[in-house]
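Below is one structure, written out as structure tokens, with a few remarks after it.
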Amino acid sequence: MPRAAVAAAALTAAAIAAGAARPHAIALPILLAALAALAAALTWLESGADRAKELAVVATLGAVAAVGHVVLHPVPGVQPVTLITVATGAALGVRAGVGVGVVAPFISNFALGQGPWTLWQMLAWGACGAVGAACGPLLRRRVVFALLLGVLGLAFSAVMDVWSWAAYYEQHTWATFVANEARGFPFDVAHAAGNVVFALVAGPELLRLLDRFGRRLRAEVVWA
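Have a look at this one:
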């Protein structure tokens, strides 16, 4: 059994134990659960046929997304990671989409700052890649692509808001939750709006480019 799978099982058990021991302290259980989910995702990504080619593609596209994230960081909430992750999932499959979503924030945060938020960004953007793969046939239409990216921008921000509420507030009440949401609302809207603009400008074009790349990647040369 891969070590990542063993780690996932151990972290899941630890999360359950921590939640049972201190039911009102939610930060540690959800952190352990997130680590377990990431370990399970890494186990899945390292398996499968042609994994060397796929990992090379994931690393390249993840690096491109990371560079875009760093370059646009001065504009709060606006970045191309969701666009590239969703397009990768739609064109190259769920494994590649999840992989790019996991890799991009890990790389970009070496420049922007690593911290516990990196884990949640990796999981949230990995989920965006999976959604892109599931909705692939629908994303050939520019407006549908833009609408999906807007929704995913809000969903990503919601995950990060819940994490910050759990991690930084001592009292986990509705009042503190609403206060945390209100504080992050402008950035959440900027993220969603930026995603919509990116999709309207370049979404289908990026998808067609990755489609062509995927066909070449999967092509096999047979010598007669």
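In terms of this note's numbering, the sequence shown is numbered consecutively and its last residue is 224. Every residue gets a Cβ at the ideal spot worked out from N, C-alpha and C, and that includes glycine. Please read all numbers here as calculations on a predicted model, not as lab measurements.
Inset, instruction - Please determine, among Pro80, Val75, His69 and Val58, the residue with the shortest C-alpha to C-alpha distance to Ala202. - result: Position 202 of the sequence shown, counted from the first residue, corresponds to residue 202. Per the Cα distances, Pro80.
Inset, instruction - Could you spell out where the alpha helix (DSSP H) holding Tyr169 opens and where it closes? - result: Along the sequence shown, one-based indexing puts residue 169 at 169. Tyr169 -> no alpha helix (DSSP H), and no H or E assigned at all.
Inset, instruction - Have a look at Ala56, Phe198, Leu210 and Ala66 and flag the residue whose alpha-carbon is nearest the alpha-carbon of Leu152. - result: By 1-based counting over the sequence shown, the position of residue 152 is 152. Per the Cα distances, Phe198.
Legend entry - Inter-residue Cα distance where the pair is Pro23 and Leu209: Residue numbering aside, residue 23 sits at position 23 when the sequence shown is read from its first letter. Residue numbering aside, residue 209 sits at position 209 when the sequence shown is read from its first letter. With a pLDDT of 42 at Pro23, under the threshold of 50, the predicted position of this residue should be treated as unreliable, though the coordinate-derived value follows. Spanning the two alpha carbons is a distance of roughly 49 Å.
Legend entry - Whole-angstrom C-beta distance between Gly126 and Val162, which should lie under 8 Å: By one-based count along the sequence shown, residue 162 stands at place 162. By one-based count along the sequence shown, residue 126 stands at place 126. Val162 to Gly126, Cβ: 16 Å. No contact.
Inset, instruction - Alpha carbon to alpha carbon, how far is Phe185 from Arg212? Give it in angstroms, no decimals. - result: The residue you call residue 212 lines up with position 212 of the sequence shown. The residue you call residue 185 lines up with position 185 of the sequence shown. Computed Cα separation, rounded: 38 Å.
Inset, instruction - Enumerate in chain order the residues of its own chain whose CB-to-CB distance from Arg140 is below 8 Å, with the five nearest sequence positions on each side excluded. - result: Translated into the one-based positions of the sequence shown, residue 140 becomes position 140. Same-chain partners within the cutoff: Pro204 and Leu207.
Inset, instruction - Report the three-state DSSP secondary structure of Leu61 (helix, strand or coil). - result: Taking the sequence shown and counting its residues from 1, the one referred to as residue 61 is at position 61. Helix.
Legend entry - Cβ pair Ala166, Pro116 closer than 8 Å: Mapped onto the sequence shown, residue 166 falls at position 166. Mapped onto the sequence shown, residue 116 falls at position 116. Cβ distance not < 8 Å, so Ala166 and Pro116 don't count as in contact.
Inset, instruction - Using a threshold of 8 Å, state whether the C-beta atoms of Leu72 and Val78 are closer than that. - result: What you label residue 72 is simply residue 72 of the sequence shown in a count that begins at 1. What you label residue 78 is simply residue 78 of the sequence shown in a count that begins at 1. Yes.
Legend entry - For Arg95, the first and last residue of its enclosing alpha helix (DSSP H): Indexing the sequence shown from 1 puts residue 95 at position 95. Its alpha helix (DSSP H) spans residues Val94 to Leu112.
Legend entry - Distance CB(Ala104)-CB(Gly150) smaller than 8 Å: Position 104 of the sequence shown, counted from the start, is the residue given in the question as residue 104. Position 150 of the sequence shown, counted from the start, is the residue given in the question as residue 150. The answer is no: Cβ separation not under 8 Å.
Inset, instruction - Could you have a look at Arg141 and say whether DSSP puts it in helix, strand or coil? - result: Translated into the one-based positions of the sequence shown, residue 141 becomes position 141. Residue state, collapsed to three classes: coil.
Legend entry - Reduced DSSP category for Val257 - H, G, I as helix; E, B as strand; rest coil: The displayed coordinates of the chain run from 1 to 224. Any statement about residue 257 would go beyond what the structure contains.
Legend entry - Of the listed residues Leu138, Asn109 and Phe187, nearest to Gly62 (C-alpha basis): Here residue 62 refers to the residue found at position 62 of the sequence shown. Ranking the options by Cα distance to Gly62, first place goes to Asn109.
Legend entry - Close Cβ partners of Gly194 (< 6 Å) along its chain, the five nearest in sequence each way excluded: Taking the sequence shown and counting its residues from 1, the one referred to as residue 194 is at position 194. The residues are Val78.
Legend entry - Where the alpha helix (DSSP H) through Cys135 begins and ends: As a first step, residue 135 is located in the sequence shown; it is residue number 135 there, counting from the start. Taken as a continuous stretch (DSSP letters only), Cys135 belongs to no alpha helix (DSSP H), as it is neither H nor E.
Legend entry - Cβ-based burial, Arg183 [other Cβ within 10 Å; buried from 16]: Within the sequence shown, numbered from 1, the residue matching residue 183 stands at position 183. The residue in question, Arg183, is exposed, as its Cβ has fewer than 16 Cβ neighbours within 10 Å.
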